[in-house]
Each structure stands twice: as C-alpha cells, then as structure tokens.
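By full-length UniProt numbering, the letter at position 88 of the sequence shown is numbered 88, and the numbering carries on one by one without gaps. Data block below; observations after.
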Amino acid sequence: MCLLVGAGYAALQYSAKAPWSRNLNYALAALRFAVVSFLCYLLLGPFIKTTTTHTEQPTIVLAVDNSQSVELFTPKNVLSQATAGLARLAETLRSKGFNVETRTLTPTPGRPARLDSLRFGAPTTDLDRLLSGTREAYDGRNLAGVVLLSDGLVNQGRSPAYSEYSFPIYSVAVGDTVPKKDLRLTGLIYNRVAFSGNRFPVEAEIGFEGFAGGAATVELREGNRVLDRRRVALPAGRRRVKATFQITAPAPGKRRYEVRVVPQPGEFTELNNARTAFIEIVKGKLRVLLAGAAPHPDLKALRAAILANNNFDLTLALPGVAPLRAGADFDVAILHQIPAQGGLGNEILAQVKARRTPALYIIGAQSDLAAYNQLGTGLTIQPRGAQTDEVTPLPNPGFARFATDEESARRFAAYPPAPVPFGDLRLGAGAEAALWQRVGRVATQKPLLVFGGTTDRRQATLLTDGSWQWRLQEAVEHDDKPEAYDRLIIRTLQLLTQNANKKRLDVYPTQESFGTQDDVTLGAETYNAVFERIYNQKIDLTLTDDKQQTRRFTFANPEDGSPLHLGPLPAGLYRYQARATLGGQAQQDAGELVVQSQPLEALESRADHNLLAQLSRRSGSRLYYPAQFDQLAQDIQKANYKPVITAEEDLKDLINLKWIFFVILAFLTAEWATRKYSGSV
Numbered sequence: 001m002c003l004l005v006g007a008g009y010a011a012l013q014y015s016a017k018a019p020w021s022r023n024l025n026y027a028l029a030a031l032r033f034a035v036v037s038f039l040c041y042l043l044l045g046p047f048i049k050t051t052t053t054h055t056e057q058p059t060i061v062l063a064v065d066n067s068q069s070v071e072l073f074t075p076k077n078v079l080s081q082a083t084a085g086l087a088r089l090a091e092t093l094r095s096k097g098f099n100v101e102t103r104t105l106t107p108t109p110g111r112p113a114r115l116d117s118l119r120f121g122a123p124t125t126d127l128d129r130l131l132s133g134t135r136e137a138y139d140g141r142n143l144a145g146v147v148l149l150s151d152g153l154v155n156q157g158r159s160p161a162y163s164e165y166s167f168p169i170y171s172v173a174v175g176d177t178v179p180k181k182d183l184r185l186t187g188l189i190y191n192r193v194a195f196s197g198n199r200f201p202v203e204a205e206i207g208f209e210g211f212a213g214g215a216a217t218v219e220l221r222e223g224n225r226v227l228d229r230r231r232v233a234l235p236a237g238r239r240r241v242k243a244t245f246q247i248t249a250p251a252p253g254k255r256r257y258e259v260r261v262v263p264q265p266g267e268f269t270e271l272n273n274a275r276t277a278f279i280e281i282v283k284g285k286l287r288v289l290l291a292g293a294a295p296h297p298d299l300k301a302l303r304a305a306i307l308a309n310n311n312f313d314l315t316l317a318l319p320g321v322a323p324l325r326a327g328a329d330f331d332v333a334i335l336h337q338i339p340a341q342g343g344l345g346n347e348i349l350a351q352v353k354a355r356r357t358p359a360l361y362i363i364g365a366q367s368d369l370a371a372y373n374q375l376g377t378g379l380t381i382q383p384r385g386a387q388t389d390e391v392t393p394l395p396n397p398g399f400a401r402f403a404t405d406e407e408s409a410r411r412f413a414a415y416p417p418a419p420v421p422f423g424d425l426r427l428g429a430g431a432e433a434a435l436w437q438r439v440g441r442v443a444t445q446k447p448l449l450v451f452g453g454t455t456d457r458r459q460a461t462l463l464t465d466g467s468w469q470w471r472l473q474e475a476v477e478h479d480d481k482p483e484a485y486d487r488l489i490i491r492t493l494q495l496l497t498q499n500a501n502k503k504r505l506d507v508y509p510t511q512e513s514f515g516t517q518d519d520v521t522l523g524a525e526t527y528n529a530v531f532e533r534i535y536n537q538k539i540d541l542t543l544t545d546d547k548q549q550t551r552r553f554t555f556a557n558p559e560d561g562s563p564l565h566l567g568p569l570p571a572g573l574y575r576y577q578a579r580a581t582l583g584g585q586a587q588q589d590a591g592e593l594v595v596q597s598q599p600l601e602a603l604e605s606r607a608d609h610n611l612l613a614q615l616s617r618r619s620g621s622r623l624y625y626p627a628q629f630d631q632l633a634q635d636i637q638k639a640n641y642k643p644v645i646t647a648e649e650d651l652k653d654l655i656n657l658k659w660i661f662f663v664i665l666a667f668l669t670a671e672w673a674t675r676k677y678s679g680s681v
C-alpha cells in the first residue's frame with residue numbers, strides 16, 4: 001500500500017508534460033516515489049531490533065586477610081612464600097583467560113587493591129564482612145571463586161562459619177597452629193563511670209601459654225605511678241586466671257588506668273601485655289523522678305531501663321498510690337501523661353515547674369494536650385479528635401546530640417507500632433526532633449521524640465504511651481537485652497541534664513569513647529544572645545594529647561548537624577578547647593574525649609586452620625598451604641569455569657532516528673532545487 005501511494009503520488013505529479021527532459025522527469029518521479037513511500041511506511045511505526053552480545057570471562061577474587069596477626073604470627077619465610085605465590089597465581093590465571101581481582105580487609109574507596117602493595121596492618125579481622133562484601137560486589141557477575149588467604153582468626157563481626165556463600169572458597173592457610181610462649185591480658189572488666197570517694201573494682205583476665213606452674217606479676221598504673229601490684233599463680237591445666245584491683249575514685253574527671261602484665265623472659269611478644277581503662281569519675285548519681293497520672297505498663301518499662309544503669313537513683317510517684325513527698329529532690333523528671341485530664345498529677349507538675357527541673361513528657365490517651373501546649377516544650381499538638389496513628393521510631397540523621405548506631409536503627413525498625421496523636425505537630429524555635437514517625441513502611445517528617453524548651457530548663461516530649469511494647473519486643477528477640485530502648489531512655493535523660501547550662505558555644509564528642517580505628521567526631525552547637533540556635537559559625541579547636549602535643553582545627557557548624565571529623569587518633573585521653581566569636585563576643589568551651597586501644601590482633605597467636613578447612617569443604621573445595629599454589633592453579637583450571645555470554649536486545653522506532661529526517665530533507669531539497677533550476681514554477 002505504501003508503494004502504491006508513492007507511485008500514485010509520483011504519477012500525479014509528473015504525468016503532465018514537463019519543460020525538462022524525459023530522463024530527468026523519470027528521475028524526479030522516482031525521487032518523489034521513494035520519499036512518499038518511505039513517509040507512508042513510517043506511519044506504520046516500524047522499529048529496528050539490535051542484539052548486542054557481551055562475553056564475560058570468569059573472575060577469581062583474591063581475598064587477602066591483611067590483618068596484623070598474619071604478619072605478627074606467620075614466619076617471615078612462609079609469609080613471603082604466600083605473597084609471592086599469590087602474585088604467581090594471579091599471573092597464571094590471567095594467562096588462562098581469567099579476570100583476577102584483589103580485595104582486602106581495608107579497601108581503598110575507588111581503587112582496587114594491588115598485590116604488590118599489600119600491607120598487613122588491619123587492626124581487626126572480619127572475614128564474614130570480607131566474603132559477604134565480595135558476594136555483594138560481584139552479584140550478577142561471572143564470579144568463579146574466591147581464593148582466601150588467612151590465618152582463620154576472627155575478632156570482629158560474626159564467624160563466617162555461620163554464613164552461606166554462593167561461590168567456591170579456596171582457602172590458603174597462613175599463621176602458626178603451634179601455641180607461642182606468651183603472657184597476655186585478654187580482658188579488662190570495669191564500670192565506665194564511678195562516683196567520687198567510692199571504691200570500684202577493675203578485673204583483669206590473664207591468658208598464658210608455656211608458663212604453667214609459674215607466676216606472673218600484674219600492675220595497676222596511673223601514668224608512671226604504680227597504684228597496686230598483684231602476684232598471680234599460673235596453675236597447670238588452665239589457660240586463664242584473673243586478678244582484681246580495688247580503686248578509690250578520686251576527684252571528678254576522666255581518669256586513665258593501665259593494667260600491665262610484667263613481661264617475662266622467653267615471651268613471644270609484649271604487644272598484648274597491657275590494656276587501658278578510661279573511667280569517668282562523677283560527683284554522684286543522677287536523681288530521676290518517674291511520675292505517672294495512673295499505673296501503666298510504660299512506667300515499668302521506664303523503671304527497668306533506668307535501674308539497669310547504676311548511675312541513676314529513681315523516685316516513683318503516682319497520685320493516690322505513691323504521692324510525691326514535699327521535700328523530694330531530683331535532677332530530672334519523667335512525667336507520664338502529666339498534665340492529665342481531670343487534673344491528675346497537677347501537684348507533681350507544679351513541683352517540677354517550681355524547681356525548673358528538666359523534664360521528659362510522655363503523651364498518651366489521658367494527656368491534657370491543651371495544658372501541655374502551655375508548657376513551652378517546643379512542640380505544639382493540635383489533635384484531630386481522638387484519632388491516632390500507629391508508628392515506629394525512625395532516627396533523624398540531622399540530630400547530632402547523640403548518634404544512633406546501625407544496630408539500634410535495625411532494632412527500631414523491628415519494633416511493633418505504637419499509638420501517637422493524629423493531628424498537626426509543630427516544632428517551635430530551637431526545638432529538634434531526635435526521632436521521626438514511620439507509618440508502616442513510610443518515613444514521615446512528623447516528630448516522635450522532640451527536644452526543646454529554654455536553655456536553663458531543657459524539656460523533651462515522647463509522643464506515645466506504647467513504648468513498653470518496644471522494650472518487651474526487643475527483650476524477647478535479643479536474649480533479654482533491650483539495649484537500644486534502654487540506651488535511648490538513658491541518653492535522653494543525660495541530654496536533658498547536660499544541656500541545662502547557658503553556654504553559647506557547646507562542643508562535645510559524638511560518643512562516649514572511640515577506638516583507634518574509628519573516625520573521631522565532635523559536634524558543635526552555637527547560640528545567639530537570646531539562646532537561639534545559629535549555624536555556620538567559625539570555630540577554632542585545639543586538641544591536646546597526653547604528651548602535650550597539640551593539633552589545631554578550624555570548622556563551622558552546618559545546619560545539617562554534620563560533625564567535625566578528626567580521623568583516627570592514637571590511644572589516649574585528649575583535652576580540647578574551642579573558641580568562637582558569636583555576635584561580637586568571644587566564647588569558649590572545653591572538654592575531654594577518650595580513644596581506646598584494643599590490641600585485638602595480638603590476643604590470639606594460634607591460627608585457626610579448622611575454620612578455613614570448614615569454609616572450603618562446605619563450598620566444594622579444600623584447604624591449601626603456601627607451598628601448594630601450583631596445585632591450586634591446576635585445580636581452578638580443572639574446574640572448567642566457562643565465560644558467560646549475555647545478549648541485550650534494543651528496540652528503536654525508526655521515526656526517532658534523526659539521520660533519516662535529514663536524508664528525507666536532502667531528497668526533497670534536491671527535487672525542489674532541480675525543478676527550480678530546470679524552469680518549473
């Protein structure tokens with residue numbers, strides 16, 4: 001039909017007598033026939049299908065455990081043989097058509113690991129993360145297998161023996177399975193907070209190999225001063241003993257104590273002979289008032305969370321059941337559904353307001369929201385009848401006063417929904433949401449936990465009286481350890497009391513302590529003369545370590561709450577001093593932060609080749625040693641891994657190809673120009 005339309009159009013146009021030659025007339029008719037026929041064809045929506053094939057060669061990943069223990073406890077000649085064998089294996093496999101890539105425990109972002117630049121310096125070993133990361137990174141690709149070079153010692157994450165991997169694991173065992181003659185401090189147990197004047201214990205666990213029947217000397221030090229010394233017997237038939245020290249807490253402040261096993265002749269290494277305890281000495285316990293309008297399961301959950309921490313004294317008050325005595329003294333109050341409908345608990349609220357005590361308000365079905373809105377908490381609630389939403393907590397990443405770790409966020413997501421008032425929730429000036437509401441799977445910007453109030457009286461609001469379900473659910477699923485719920489309540493109370501000051505510059509560590517491998521971070525808040533939050537202020541920071549060496553930083557506090565990143569720091573107690581000019585006035589703040597050294601890689605010297613053999617056997621492979629790399633290369637080749645050929649089909653409408661438009665335009669232009677040149681009107 002398209003050809004007929006083109007022929008009819010050309011015949012109609014060029015059948016009459018023309019002022020040019022017959023041959024030219026036929027040529028112009030043919031041109032018109034071709035253009036019109038093709039335009040008609042385009043109306044039918046033709047398309048072009050192209051098929052592109054890709055061939056992906058099989059990939060072998062060299063997963064290298066580059067932890068400190070590998071270099072520390074592997075004989076140098078064996079380690080040299082292993083690294084040279086890896087390089088030879090990679091060259092052999094590449095010559096046979098394999099893609100060979102390297103991954104380590106400490107990957108460099110954006111840059112693949114190189115065998116010629118391996119450094120065995122990783123402070124921890126997480127083999128499950130290494131193997132799971134490989135599985136995720138090569139998902140959908142032609143991953144033939146993983147060659148794992150390791151000593152089998154795991155001190156971070158879960159054991160890889162409990163994970164399933166979808167690829168063969170060719171384990172190459174290094175390290176030494178013969179125990180070394182060694183004394184080591186395997187553990188240090190102590191409370192991170194002690195009260196001034198009280199005695200508190202520090203318990204050290206000493207592991208030993210090759211010294212059975214003898215004795216070891218354990219010292220407790222503060223700086224260069226030996227506070228106490230113990231002589232501990234090392235009985236035959238055991239591998240660990242304990243030594244306990246009793247310390248009288250000095251004046252308030254952070255204290256650094258070192259427990260050290262005195263080295264003995266013949267020890268393999270002294271790297272694991274000492275560990276450090278950082279203890280914060282405080283004046284006394286924080287006094288908490290827990291008051292409710294009526295008995296409620298929340299009160300029991302809150303009470304359990306508070307009493308799980310030894311730093312708190314708790315007073316419980318219930319109108320008509322356990323009245324609050326007139327002379328009661330407390331540092332922070334939790335008011336459950338107070339103010340309440342009918343005026344229940346008003347006498348308790350009056351005492352809290354008269355003392356200007358920081359308070360956490362918990363909203364529930366009995367709450368008098370009109371009275372609550374008059375308290376100046378930084379949150380206004382305008383309910384829509386008695387309707388409620390069922391929500392779970394969602395951490396606000398922009399809230400920097402305390403960080404929510406990944407494990408706590410996962411536990412929050414698994415909490416059962418709790419009721420909150422449905423309506424308009426408005427944050428006032430200076431108020432911040434620590435938690436948002438998640439409705440089903442939908443993350444909202446409605447607040448669930450709000451911090452506000454004035455600077456001299458901080459207040460917080462939790463918009464649900466169903467949080468008891470959260471603690472109960474978490475206790476059931478995590479072996480009676482509702483750590484995320486308890487930590488949330490404790491940090492809320494600490495934040496309410498710590499913020500009860502009139503500092504216009506407030507710089508603070510984002511967590512209680514850091515490890516030597518952590519990125520040390522500091523948060524900062526700045527206020528104007530009327531204590532309203534201001535942002536993007538220039539802050540100068542001086543950080544001083546135990547040796548009086550200083551580091552200087554300059555940063556600004558952005559509106560998104562992102563902290564200052566100091567990077568990893570050596571172990572020790574650091575003091576910092578911050579200065580800023582706010583509204584033309586000089587302001588300063590000071591504090592301390594702790595970086596703890598955990599010599600995990602030196603704690604265990606005996607390699608675990610059984611774990612490596614188990615991993616390989618479960619994946620259909622076997623265990624190899626550094627002298628067997630040639631056999632390993634042959635076994636990989638015998639496995640006969642094949643390239644994967646994939647085909648991709650692409651459909652394109654012919655009418656969308658731009659070059660066709662220009663070809664048609666050229667034909668029509670040529671026809672028009674020829675007619676004009678030949679005398680057509």
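By construction, the Cβ of each residue, glycine as well, lies at the ideal position given by its N, Cα and C atoms.
{"Asked": "Would the stretch 44-52 and the stretch 636-652 be scored as touching if the rule is three or more Cβ pairs under 8 Å?", "Found": "yes"}
{"Asked": "Among the residues of its own chain, which have a CB less than 6 Å from the CB of residue 553, if the five just before and after it don't count?", "Found": "541"}
{"Asked": "Can you say whether residue 66 is buried or exposed, counting buried as having 16 or more other CB atoms within 10 angstroms of its CB?", "Found": "buried"}
{"Asked": "Rounding to the nearest angstrom, what Cα-Cα distance links residue 662 and residue 673 in this structure?", "Found": "16 Å"}
{"Asked": "Alpha carbon to alpha carbon, how far is residue 1 from residue 38? Give it in angstroms, no decimals.", "Found": "11 Å"}
{"Asked": "In angstroms with no decimal places, state the Cα-to-Cα distance between residue 239 and residue 209.", "Found": "7 Å"}
{"Asked": "Quick check for students: name the residue ranges of the alpha helix (DSSP H) that lie wholly in the stretch 560-622, counting only runs of 4 or more.", "Found": "609-618"}
{"Asked": "Have a look at residue 380 and residue 389 and give me their C-alpha separation to the nearest angstrom.", "Found": "17 Å"}
{"Asked": "Less than 9 Å between the C-beta atoms of residue 149 and residue 234, yes or no?", "Found": "no"}
{"Asked": "Could you give the distance in angstroms between the alpha-carbon of residue 645 and the alpha-carbon of residue 55?", "Found": "4 Å"}
{"Asked": "Can you name the residues that DSSP bridges to residue 436?", "Found": "394, 447"}
{"Asked": "With a floor of 3 residues, list each beta strand (DSSP E) that falls wholly inside the stretch 132-182, ordered by position along the chain.", "Found": "143-150, 169-173"}
{"Asked": "Could you tell me which uninterrupted alpha helix (DSSP H) segments, each at least 4 residues in length, are contained entirely in the stretch 292-360, listed from first to last along the chain?", "Found": "297-307, 346-354"}
{"Asked": "What span of residues does the alpha helix (DSSP H) with residue 83 cover, start to end?", "Found": "76-95"}
{"Asked": "For residue 348, count the other beta carbons within 10 Å of its own beta carbon; 16 or more makes it buried, fewer makes it exposed. Which is it?", "Found": "buried"}
{"Asked": "Return the chain-ordered list of same chain residues with a C-beta closer than 6 Å to the C-beta of residue 168, the five sequence neighbours on each side being excluded.", "Found": "145, 619, 620, 621"}
{"Asked": "Which one of 194, 298, 20, 242 has the shortest CA to CA distance from residue 254?", "Found": "194"}
{"Asked": "Name the DSSP beta bridge partners of residue 280, please?", "Found": "193, 254"}
{"Asked": "Residue 267 lies in the alpha helix (DSSP H); which residues open and close that run?", "Found": "Unbroken run through residue 267: none, as it is neither H nor E."}
{"Asked": "Consult DSSP for residue 1 and reduce its assignment to one of helix, strand or coil.", "Found": "coil"}
{"Asked": "Would you kindly report the start and end of the unbroken beta strand (DSSP E) that includes residue 199?", "Found": "199-209"}
{"Asked": "Which residues bound the beta strand (DSSP E) around residue 102?", "Found": "99-104"}
{"Asked": "From residue 212 to residue 269, what does the alpha carbon distance come to, in whole angstroms?", "Found": "17 Å"}
{"Asked": "Where does residue 242 land, buried or exposed, given buried means 16+ other C-beta within 10 angstroms?", "Found": "exposed"}
{"Asked": "Hey, out of 599, 398, 574, 405, whose CA is closest to residue 517's CA?", "Found": "599"}
{"Asked": "Given this structure, state the Cα-to-Cα distance separating residue 504 from residue 580, to the nearest angstrom.", "Found": "10 Å"}
{"Asked": "With the cut-off set at 9 Å, would you say residue 391 and residue 445 are in Cβ contact?", "Found": "no"}
{"Asked": "On the DSSP letters alone, give me the boundaries of the beta strand (DSSP E) that residue 462 sits inside.", "Found": "457-462"}
{"Asked": "Can you look up residue 6 in the DSSP assignment and give me helix, strand or coil?", "Found": "helix"}
{"Asked": "Under the three-state reduction of DSSP, which class applies to residue 69: helix, strand or coil?", "Found": "helix"}
{"Asked": "Can you tell me which residues form a DSSP beta bridge with residue 508?", "Found": "523"}
{"Asked": "Cα separation between residue 51 and residue 137?", "Found": "27 Å"}
{"Asked": "Only counting the same chain, and skipping five residues up and downstream in sequence, which positions put a Cβ closer than 6 Å to that of residue 357?", "Found": "333"}
{"Asked": "Provide the residue span of the alpha helix (DSSP H) that contains residue 371, from first to last.", "Found": "369-372"}
{"Asked": "Measure the beta-carbon distance from residue 259 to residue 321 and round it to whole angstroms, keeping in mind my assumption that it falls under 8 Å.", "Found": "Not a contact, Cβ separation roughly 48 Å."}
{"Asked": "Starting from residue 34, follow the alpha helix (DSSP H) in both directions and report where the run begins and ends.", "Found": "22-42"}
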